[in-house]
Structure formats: C-alpha cells, structure tokens
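As they're listed, the protein sequences go chains A and B.
Residue 804 in this note's numbering is what sits at position 177 of the first sequence, and the numbering runs on without skipping anything.
Residue 422 in this note's numbering is what sits at position 87 of the second sequence, and the numbering runs on without skipping anything.
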Amino acid sequence: MWKRPEDKPQSGSPSTQPGTSAAPSNSGAAPRENRAPDAPKPEAFRHDVAAHIGKSVLVKGELSGSEDLYFDGEVEGSIDMRDHSLVIGPNGKIRANISAREITVHGRVEGNVSASERAELKKSCVLIGDVSTQRIVIEDGAFFKGSVDLKKEGKPEPRSKTSPTVSSQPSVSVSGTANSGANSGANSGAQSSLLEHK
Amino acid sequence: MSHAEPLLMRWFRGSGAPRSATAEAGAAGRQARRSTGLTEFTRVLASKEGAAVLDLGPTSPANISFLTGFGGKVCNEDVVHASREPRYFTPREDGTAAIDPEKFFAGNLNHPEHTFDAVLCWDVADFLTEPLVKPLFARLQFMMKPKGILLAFFHTKEAAPHATHSRYNIVSGESLEFERRDDLRLQRIFNNRHMENLFQGFSSLKFFLARDNVRELLAVR
Numbered sequence: 628m629w630k631r632p633e634d635k636p637q638s639g640s641p642s643t644q645p646g647t648s649a650a651p652s653n654s655g656a657a658p659r660e661n662r663a664p665d666a667p668k669p670e671a672f673r674h675d676v677a678a679h680i681g682k683s684v685l686v687k688g689e690l691s692g693s694e695d696l697y698f699d700g701e702v703e704g705s706i707d708m709r710d711h712s713l714v715i716g717p718n719g720k721i722r723a724n725i726s727a728r729e730i731t732v733h734g735r736v737e738g739n740v741s742a743s744e745r746a747e748l749k750k751s752c753v754l755i756g757d758v759s760t761q762r763i764v765i766e767d768g769a770f771f772k773g774s775v776d777l778k779k780e781g782k783p784e785p786r787s788k789t790s791p792t793v794s795s796q797p798s799v800s801v802s803g804t805a806n807s808g809a810n811s812g813a814n815s816g817a818q819s820s821l822l823e824h825k
Numbered sequence: 336m337s338h339a340e341p342l343l344m345r346w347f348r349g350s351g352a353p354r355s356a357t358a359e360a361g362a363a364g365r366q367a368r369r370s371t372g373l374t375e376f377t378r379v380l381a382s383k384e385g386a387a388v389l390d391l392g393p394t395s396p397a398n399i400s401f402l403t404g405f406g407g408k409v410c411n412e413d414v415v416h417a418s419r420e421p422r423y424f425t426p427r428e429d430g431t432a433a434i435d436p437e438k439f440f441a442g443n444l445n446h447p448e449h450t451f452d453a454v455l456c457w458d459v460a461d462f463l464t465e466p467l468v469k470p471l472f473a474r475l476q477f478m479m480k481p482k483g484i485l486l487a488f489f490h491t492k493e494a495a496p497h498a499t500h501s502r503y504n505i506v507s508g509e510s511l512e513f514e515r516r517d518d519l520r521l522q523r524i525f526n527n528r529h530m531e532n533l534f535q536g537f538s539s540l541k542f543f544l545a546r547d548n549v550r551e552l553l554a555v556r
C-alpha cells in the first residue's frame, strides 16, 4: 500500500559496476546498472575495445598511450593518455600525476589529475591531489583531499587529431620498469554520473 | 481522520516546527535548515570574482558543485578526519599517543600565505582535538587573504547533548543540510570570549544564533 516492491537487484560486482543516481545519495546506496538519462557522453569509454591492464601489474616510470585504457594495477611515476580516456579500476593504486581527456577513478590516486574534458570520482575513490578539468563528477562517498580548478571550456579538439609523435596504431607504452602478471579481466560497467557540474 | 491527521503529519514531519526549518532532505539522516551565516557568506562570495574557497568538512559533492559555480577554485581538506590518522601521533612516556601539531600541519593545510578568499570551517573547532584548535585558526588566518571571510559553527550548551559530527551539504545559497557522519563526541563548548580569543587576528566577527542552538560566526580577516 505504502511502498512499491523493489526491483530485483542486478547481478555484478558493486566495485566494478558502479551505481548511478540523479542526485547525491548516501554512500551505502545499493548500486544499480541503469544509465542516467541526463548524462550523455560525447564518446563513452568502451570497455570492450579499451586496453586493460590488470591488478597485478606494477609500473614504475612513465605510462603513456594513444588509446583508451582501463588500469587496475599500480603506477609510480606519471600517466599521460593525451586525448584518450582512462579508468582507474577499484584495485588501482596510483602515485603519479595523471593527464588524459577523460579520467574516471574508482581506486586510489595520490597525485594531480588533469582531464582536458571530464573527471569522475566514483564512490570508492580516494583522491589526494589537485584536479584540473572542465567538468567534474563526484559520487557521494568519494574521498577527496585537494583542490578543484574548473577550466573554462574551449573549442573541443577533434579526437582523431593526435600529437605528431603518436603513431597511427593505438598503443600503450611504458617507460621505466613494469612487473606484469595475469590480466585481471576487469568487468565492463555502466559509466554514468551522480552529479555533473559544468 | 480529522483528529488523527495532525498527529499523523507531526509523525512524518518530526516536531511542530515549520517544515522548511527541519524538513528531511531526501535521504534518511539528513536534515535541512536555513542558515543566515551561509546566506551572508554566499552574498560576499558572489561579489568576489574567481574566489578560492577552502572547505574543511568531509568531501561533499554538493559543496564542490555549489562553490565551483562561482567560477573559482575549491580546495577540500577534511581536518577532523585527518586529525585521527595514526601517522600524526607520537608515543608518550606513559604509553599513550598524542597528536603532534607540527607533523599534522606539515601534511595538512599546507598552503602559501594569502591563498584563500573564503573558508568554510563548519563545526570543526567543536570536534577537533585540543592541541590543534589554536594552531588551526592561526594557520587559517595565515592562508586567508585580507578581507577574506570564514564561516564557522559552534554548538551552544543547549545544543551540545544532541550534537553529532556531521557533514554539511550546501543545498542553496541560504540553506544547508547536515548528515551525521560518525560517533565523534563534542570536545568542548565555546563561549563568546573563547571565540573572540580564537579569532583575535580577524578584523570583524558577526554572530547569528540558529534555531537549533548552533551559533554561526562570520569572521572577516
């Protein structure tokens, strides 16, 4: 009479398939997989085509690339994905400055984050560092220590135009040392926002 | 029904207070109320272009969204949370551990002089451990620009029994909601003289008493 029966919960790990809601909610809210209708993305991160680096990989040095990347390992150094998207998975532990077009953080980052278009801090995220971006999305429950500097939107550069040093083939390169193990086989999850600020 | 209706409505609304003052704001455990201090704070902030704001409360998406709307920079440091981190404690001879303010301020609030135009201090002073309180306000004064503003809340004796460590979320320029965070107990109750001592170096202080017996203080550096 008072309450409609709840929908059946979707299957999937909460840590890798984050929840969505139209407004900030309690951090303990049950995750749901439906995509927020008012959060369209120009080019959504595609887990099926993005490069995956698993949780057992440790990189000491510079990590750079010219394709979208899902990273669930550890980095000490720097990450530069130029005009591509980067997702730091829930097991990700980053001690590096990060630069990319879109950055989504589920894990832990100690360093400055520079996203030319959009930064998204998921509820499991711990970010200690400064964020510089055009748009930021912070889920309730995210821990953030640092400053947010919202840059004014300029003319969007076409995604196909990459810097001259980048080869035409998509690649992720590591300079320094990398200890790799098995790829964790990270799940693809709906990426959507709780709160988007322009 | 006519007899039961007021009772039923009161049950849903809490006390007999107006709904706007204590209305539950969506999620359980969140309460909203108007804040005269915040209204003043917002008014001053709106007049400063590209203002840098420091928020000392727990991370709040609502606050970051609201404050970045002014076009400036927002810095967030949850000092109460940080003050409980074991790495800032040093062991004493009697086996207990005490917080070391020097260590704490080396890792927190480490910003250059005259960085911030505005500081949201919330009720941090009521919950912060004693050795950090005075150095905190000295540090804030150092980091604030001249004519910068600071908003702080202090629980009165009447509010103390119900005081809980909360996260304050800005709902609009004149109202906020607070949400219980943990079972941290009130460390002390400040009277007016204590507050004046705390803000000695500031040029002016303005007090507002809220309905829930929380004193709101707007200080100008």
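Ideal Cβ positions, reconstructed from N, Cα and C, are used throughout, including at glycine.
Given the structure is predicted, the values throughout are model-derived calculations rather than measurements.
query                                                                                                                                                           : result
With C-beta atoms as the reference, is B/Asp518 less than 8 Å away from B/His490?                                                                               : no
Got a sec: is the Cβ-Cβ distance from B/Ile399 to anything in chain A below 8 Å?                                                                                : yes
What do you get for A/Gly756, buried or exposed, if any count of 16 or more other CB atoms within 10 angstroms of its CB means buried?                          : buried
Measure the CB-CB distance between A/Gly700 and A/Val684 and report whether it falls below 8 Å.                                                                 : yes
Check this for me: beta carbons of B/Leu553 and B/Gly406, under 8 Å apart or not?                                                                               : no
Specify the secondary structure class of B/Pro396 as computed by DSSP and reduced to three states.                                                              : helix
Just the Cα atoms here: how many angstroms apart are B/His446 and A/Leu777?                                                                                     : 19 Å
Under three-state DSSP, which class holds B/Val555?                                                                                                             : strand
Rounded to a whole number of angstroms, what is the C-alpha to C-alpha distance between B/Glu458 and A/His733?                                                  : Reading off the sequence, residue 458 of chain B comes out as Asp, not Glu. Taking the straight line joining both Cα atoms gives about 30 Å.
Under 8 Å, Cβ to Cβ, is there at least one residue of chain A near B/Asp413?                                                                                    : yes
What residue range is occupied by the uninterrupted alpha helix (DSSP H) comprising B/Gly442?                                                                   : 436–442
Here's the rule I'm using: 16 or more other beta-carbon atoms within 10 Å means buried, otherwise exposed. How should B/Glu448 be labelled?                     : exposed
Pull up the CB-CB distance for B/Ser510 and B/Ser418, whole angstroms please, since I reckon it's below 8 Å.                                                    : Contact doesn't hold; Cβ gap of about 28 Å is too wide.
Among residues of its own chain, excluding the 5 on either side of B/Phe543, which ones have a beta-carbon nearer than 6 Å to its beta-carbon?                  : Thr371, Gly372, Glu551
Taking C-beta to C-beta, are A/Val764 and A/Leu754 nearer than 8 Å?                                                                                             : no
Where does A/Lys750 sit, in a helix, a strand or coil, going by DSSP?                                                                                           : coil
Flag this pair as yes or no: are the beta carbons of A/Ile725 and A/Arg735 separated by less than 8 Å?                                                          : no
CA-CA distance, B/Lys438 and B/Ala487?                                                                                                                          : 24 Å
With distances taken from CA atoms, which of B/Ala453, B/Gly430, B/Cys410 is nearest B/Ser382?                                                                  : B/Ala453
Report the start-end ranges of each alpha helix (DSSP H) in the region 482–546 of chain B that is 4 residues or longer and not cut off at the edges.            : 527–533
Mind listing which residues of the region 429–455 of chain B have their C-beta closer than 8 Å to chain A's C-betas, in chain order?                            : none
When you check each C-beta in the region 757–774 of chain A against every C-beta of chain B, which residues fall closer than 9 Å?                               : Asp757, Ile763, Val764, Ile765, Glu766, Asp767, Gly768, Ala769, Phe770, Phe771, Lys772, Gly773, Ser774
Quick one: what does DSSP say A/Gly756 is sitting in, helix, strand or coil?                                                                                    : coil
To the nearest angstrom, how far is it from the Cα of A/Ala666 to the Cα of A/Arg762?                                                                           : Residue confidence for A/Ala666 is low, a pLDDT of 42 falling below 50, so the modelled location carries little weight; the figure read from the coordinates is stated next. Each residue's alpha carbon lies about 12 Å from the other.
Leaving out five residues on either side along the sequence, give the residues of the same chain with a beta carbon under 7 Å from the beta carbon of B/Thr403. : Val409
Cβ of B/Pro396 less than 8 Å from any chain A Cβ?                                                                                                               : yes
May I ask which residues mark the beginning and end of the alpha helix (DSSP H) holding B/Pro466?                                                               : 465–478
Expressed to the nearest angstrom, what Euclidean distance is found between the alpha-carbon atoms of A/Asp767 and B/Pro426?                                    : 35 Å
Contact criterion: CB-CB distance below 8 Å. Does B/Thr377 meet it with respect to chain A?                                                                     : no
My assumption, with CB atoms under 8 Å, is that B/Asp413 sits in contact with B/Thr394. Please give the rounded CB distance.                                    : 7 Å
Grab me the residues of A/Ala723's own chain with a C-beta within less than 7 Å of its C-beta, minus the 5 sequence neighbours each way, in chain order.        : Val702, Glu703, Gly704, Ser705, Ile706, Gly738
Can you give me, in chain order, the residues of the region 490–512 of chain B that have a beta carbon less than 7 Å from any beta carbon in chain A?           : none
With a threshold of 8 Å between beta-carbons, can A/Leu685 be considered close to chain B, or not?                                                              : no
Would B/Asp429 be called buried (16 or more neighbouring beta carbons within 10 Å of its own) or exposed?                                                       : exposed
Could you spell out where the beta strand (DSSP E) holding B/Leu276 opens and where it closes?                                                                  : The requested residue 276 of chain B is not part of the displayed model; chain B covers only 336 to 556.
When we look at the beta-carbon of A/Gly692 and count the other beta-carbons within 10 Å, is it buried (16 or more) or exposed?                                 : buried
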